[in-house]
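There are 2 protein chains.
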Amino acid sequence: MSAFTKLQQQFKRLSRIQHAAAICGWDQAAMMPEGGNNARGEALAELSVISHQLLTAPELDDWFEEAHEEITDALDIANLATMKRAWQHATLLPQDLVEATSIANSRCEHAWRQQRKNNDWQGYNTNLKEVVRLAREQAGYFAEHAGLNRYDALMDIYEPGMSSHKVDNLFGEIKTWLPGLIDEAEEIQKTRQVITPQGPFPTEQQRQLGLNIMGLLGFDFQHGRLDTSTHPFCGGVPEDVRITTRYDEQNFMSALLGVIHETGHARYEQNLPRTLAGLPVGQARSMGVHESQSLFFEMQLARSLPFTRLIAPRIAEAFQRQQDPAFSADNLYQLNTRVKRGFIRVDADEVTYPAHVILRYEIERELIEGGIDTEHIPDLWNEKMESLLGLSTAGKNDIGCMQDIHWAGGAFGYFPSYTLGAMYAAQLFNAAQQHLPGLEEKIGNGDLGGLFEWLNKAIWSKASTLSTDELMRQATGEALNSHYFKQHLQQRYLA
Amino acid sequence: MSAFTKLQQQFKRLSRIQHAAAICGWDQAAMMPEGGNNARGEALAELSVISHQLLTAPELDDWFEEAHEEITDALDIANLATMKRAWQHATLLPQDLVEATSIANSRCEHAWRQQRKNNDWQGYNTNLKEVVRLAREQAGYFAEHAGLNRYDALMDIYEPGMSSHKVDNLFGEIKTWLPGLIDEAEEIQKTRQVITPQGPFPTEQQRQLGLNIMGLLGFDFQHGRLDTSTHPFCGGVPEDVRITTRYDEQNFMSALLGVIHETGHARYEQNLPRTLAGLPVGQARSMGVHESQSLFFEMQLARSLPFTRLIAPRIAEAFQRQQDPAFSADNLYQLNTRVKRGFIRVDADEVTYPAHVILRYEIERELIEGGIDTEHIPDLWNEKMESLLGLSTAGKNDIGCMQDIHWAGGAFGYFPSYTLGAMYAAQLFNAAQQHLPGLEEKIGNGDLGGLFEWLNKAIWSKASTLSTDELMRQATGEALNSHYFKQHLQQRYLA
Ligand SMILES: [Zn+2]
Ligand SMILES: [Zn+2]
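Residue numbers (the numbering used here), protein chains in the order written: chain A, 2 to 496; chain B, 2 to 496.
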């Protein structure tokens, strides 16, 4: 058996262990009674030890050495490269650093849950300092190996091939027009009347509506489920994708848009090529590209006027409100495109969202590069919120720099993915419009097959066989360009 | 670290992998969409490979060698013995035999699902022959190692310490009075009027009733759940027990008694000592003892008149049938103690059930010992059904020897556990009556705490720290004695 084949078998074994971990993780969030948590935590930790052992088995050194002499085909080369990347991430770090990081991150994240409620920046900072110190050390190993600076090396984990130089250009460009666009959009919307639908909207009716719209969006129920969890996510495995939402009986729209968002993630997973199943090259390209699919569904499609017109009757029917003016397509559209600056990222609309991401990016980059220390975060946060959104977080760290779990858990370099995803989504939707004449009309008629076929061909079926730049070039004719995102916001919010 | 400690750590690692397998197995039966089945099968197979590797790691030889020099305490000795037993079961068989068996059993079981429907004995027999051949070969390895005959060596997997000599005595005794008792019971019941409750009984109401009765029976919802699956079972892990049932909208009693049965299994699991968690000595004593707990709940408790009086109002309320005479305690009691000889084991009442088990035991013992071959099964089955229940299965193998999954899947030696469980349960209930004066009245009042406390002390908390004989002796004053089972049937069915 060739070394290349042995490597593929090893990675398929690994993916089967990760299958078990994914299902147990989903169960923990969606099904498990509280008392099962300790035993589950131990089981998941054991699976991750086994995974680590499979990924760092000593024989892999030789296999990687030999394998690249054995292959010439482009797909094989991409396949080998993605396996090698995963292997290097697992082997580059000294074991004691991995353990110290895991302990520090857990401690910080655990304490943060309470500290955030108490607006206890001092307490949080004590732990965060150590998290940052270890993240810098880890980043140092990755950076040295890859010839990148530290922050870029971390961002590369989530968004391979992206650099802070490119992000600076993209986000810098956004900063030149975003605050003005927010002002203008708020001004325009001031005079518009929006009726808030009045609940209660029973959970079971919301769930049925969610399933109905998932069906419309092509979710494959032979290979997935919808369930409930405190924090919505898309989990499971490509053969069996588990999405979750949570229900608010006063506001059905939040769960519905959440379901649509996760359905975007799910369709990407469900349509990854089965021929590459279990291999890193068969996985989604990056966090940003993954988010581009969920945002394509949620922002480009679901909040558009044609799609709102398509589903408004289904929504009204689900709650028996066919006569209620709050359920008219026009009102629902106004509701779903409302711009309102606020403190909390996860509650932000698509117009103000990039501001939240840009400020986090600018701070975490400096933090990892060593330009600032954790002490500087609250003031910088306040300053940037003032400048981007005109809001002050002075003394309000709970709704400022302590609101996210990411840093508490040691995830630096992830935040840009959200806005990169929004930009990819806008650029992809624009390309889809070029390729599919009469797209808006088709959407309004519920004729979505062509659009999904195009997405499947352009993105889903490609998995990680192409670099993100090449993926975007083949799909849209050019690498990521923030112009399409700006155009999208202008057309939707300044019209 | 001592070898004994290293062994315990290894078995705890193993139990964590088995935790993942248990949850993934539960999910497969209760949650998974069909399309996920192939990937799930591969993931579960991988977990079982990992388990086998942990259990057969070469260093265990030395550890077992050294460990028994290190310990003197009775619990440690039991602990080591149960680990050693599991290790030997995993290491005694040559790997190629394990693989051949797994393939033959899967093939036979898979084909059986259709062959049974077609009453295709010839087709089934072709595969079954090979399953039996391999089971004999496996049994040979176990038998040689343990100094037992082949059938006893297989039965010992499920019911450690039990022998065909003991079973012959127990079952032989039952055969002397069972056919007469069945006749008599049917004669007595002939003149009794029983009203069948008329459905439909909506699934959700049945589920709520099940949850209600689970609560009454002390099921710990912080450490377990109730769900739905085609074949009801008790799965998960002691910290998080997953029981399932299935609902028939025309007959609520079948799901309800199923839930009560699985609750008996569940309480055993939930009350295994946490101090021994993850170790073989901390697991349930045997399949027979496990079944004794479910039958204690279902047969001894739930089908008794006092318990029926206790829950009849809850049942009537669940379906809003407070005025329906079919829902009176007396009628429900008649319904749940109806004796009716039939072809199908899983549909049998507690009086005719042992006949189904005894005939299977007698056939499978000869099959494994080589006294008969698979060709002889249909005639023997027919003959024994005639003699025990007066029913002929000539030409009706689908409702005769092809009805069970056990042999198709290579599980020989399991059947006795069902009736051993019924006998343990009767003997335990009798002992509980001696220890707890006024037990019947307490049950009628819903005052079940003392009974569960007694079961916990006698059985649940003991896990596998005692042999089954010793467990029964400490709980009831004597080893298993079929007298109590006979007495129970006489009191309930001939009164
Ligand atoms: Zn997302
Ligand atoms: Zn049972």
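Ideal Cβ positions, reconstructed from N, Cα and C, are used throughout, including at glycine. Owing to the predicted nature of the structure, the values given are computational and were not obtained by experimental measurement.
Show which residues of chain A have a CB atom less than 7 Å away from the CB atom of residue i.
i, result
"B/Gly37", "His224, Glu240, Asp241"
"B/Arg17", "Glu43, Ala44, Glu47"
"B/Asp28", "Ile24, Asp28"
Do residue i and residue j have their C-beta atoms closer together than 8 Å?
i, j, result
"B/Ile369", "B/Arg151", "yes"
"B/Thr246", "B/Thr229", "yes"
"A/Phe297", "A/Ala426", "yes"
"A/Leu55", "B/Ala21", "no"
"A/Ala256", "A/Gly219", "no"
"B/Leu155", "B/Phe143", "yes"
"A/Arg275", "B/Glu43", "no"
"A/Ile158", "A/Gly411", "no"
"B/Arg499", "B/Thr338", "The structure shown does not extend to residue 499 of chain B, since chain B is modelled only from 2 through 496, so no value can be given for it."
"A/Ala267", "A/Gly216", "no"
"A/Gln116", "A/Tyr125", "yes"
"B/Asn383", "B/Thr375", "no"
"B/Leu280", "B/Pro239", "no"
"A/Glu160", "A/Met288", "yes"
"B/Gly447", "B/Leu258", "no"
"A/Leu440", "A/Leu456", "no"
"A/Ile503", "A/Lys487", "Look at the range of chain A in this structure, 2 to 496, and you will see that residue 503 of chain A is not part of it."
"B/Arg416", "B/Glu365", "The identity of residue 416 of chain B in the sequence shown is Phe, whereas the question assumes Arg. In this structure, B/Glu365 lies closer than 8 Å to B/Phe416 by Cβ."
"A/Glu444", "A/Val340", "Going by the sequence as given, residue 444 of chain A is Ile instead of Glu. Contact flag unset, no."
"A/Ile316", "A/Gln404", "no"
"B/Met473", "B/Gln434", "no"
Taking CB distances under 8 Å as the criterion, tell me whether residue i reaches chain A.
i, result
"B/Cys25", "yes"
"B/Pro34", "yes"
"B/Ile51", "yes"
Does any residue of chain B have a CB that is nearer than 8 Å to the CB of residue i?
i, result
"A/Arg14", "yes"
If the cut is a Cβ gap below 7 Å, which residues of chain B does residue i touch?
i, result
"A/Ala21", "Ala21, Cys25, Ala44, Leu48"
"A/Ala40", "His20, Val238, Glu240, Asp241"
Pocket of ligand 2 (residues with CB nearer than 6 Å to any heavy atom), chain order: For ligand 2, the selected residues are B/His262, B/His266, B/Glu292, B/Ser295.
Let me know the beta strand (DSSP E) ranges lying completely inside the stretch 444-485 of chain B, each 3 residues or longer, listed in chain order. Fully enclosed beta strand (DSSP E) runs of no fewer than 3 residues are not present anywhere in the stretch 444-485 of chain B.
Note down, one range per segment and in chain order, each alpha helix (DSSP H) of at least 4 residues found wholly within the stretch 139-171 of chain B. List check, alpha helix (DSSP H) in window: 151-159.
Within the stretch 323-357 of chain A, note down every full alpha helix (DSSP H) run reaching 4 residues or more, in order along the chain. For the stretch 323-357 of chain A, the full-length alpha helix (DSSP H) segments reaching 4 residues or more read 330-337 along the chain.
Write down every uninterrupted run of the beta strand (DSSP E) in the stretch 194-257 of chain A whose length is 3 residues or greater and which is fully enclosed by it, in chain order. Within the stretch 194-257 of chain A, the complete beta strand (DSSP E) runs of at least 3 residues are 225-229, 235-238, 241-246.
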